[in-house]
Amino acid sequence: MEIELTNQNFDTEINKDTPILVDFWASWCGPCRMLAGTIEQLANESDGSYRVGKVNVDEQPDLAKRFGVMSIPTLIVFKNGKEINKSVGVKPKGAILQMLK
345 MEIELTNQNF DTEINKDTPI LVDFWASWCG PCRMLAGTIE QLANESDGSY
395 RVGKVNVDEQ PDLAKRFGVM SIPTLIVFKN GKEINKSVGV KPKGAILQML
445 K
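Residue numbers 345 to 445, in this note's numbering, belong to the letters of the sequence shown in order.
As structure tokens, this is what we get:
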């Protein structure tokens, strides 16, 4: 299940032992829509070793600004509150899974 991340719950969700893949996206973004199915698959297939969250940059511009998100989709992996991996653009599922390792 994907976690909808907002200013209210973001810090709580990223400050956990379990890595979280955060998808910074917007509804008007074509590449974001292309990636959405893959992100949903990853969320549904998670065995608990990682979590998946989504940040709508139109609704949460402060979070996008805080992490220097200039282009979307941007994927950032956090663990214990620290950014451990980042990529911009559409990536295949295998490449996204590698980011979580």
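Here a beta-carbon is modelled for each residue, glycine too, at the ideal position from N, C-alpha and C.
Nearest-angstrom beta carbon gap, residue j and residue i [assumed within contact, 8 angstroms]
i    : j    : result
V396 : A408 : Not really, about 18 angstroms apart at Cβ, beyond 8 angstroms.
D367 : L419 : 6 angstroms
N429 : M443 : 4 angstroms
V401 : I383 : About 15 angstroms; that fails the 8 angstroms criterion.
N351 : Q404 : 6 angstroms
Span of the alpha helix (DSSP H), counted from its first residue to its last, around residue i
i    : result
T356 : F354 to I358
I383 : G374 to E389
K437 : K437 to M443
Same chain only: Cβ atoms within 8 angstroms of residue i, ignoring 5 sequence neighbours per side
i    : result
I364 : I347, E357, I358, Y394, R395, V396, G397, V421, F422 and K423
P375 : I416, P417, G433 and V434
Simplified DSSP state of residue i, which is helix, strand or coil
i    : result
D367 : strand
L407 : helix
Cβ-based burial, residue i [other Cβ within 10 Å; buried from 16]
i    : result
W369 : buried
Q385 : exposed
Cβ shell of residue i (< 6 angstroms), same chain only, five flanking positions each side left out
i    : result
A380 : none
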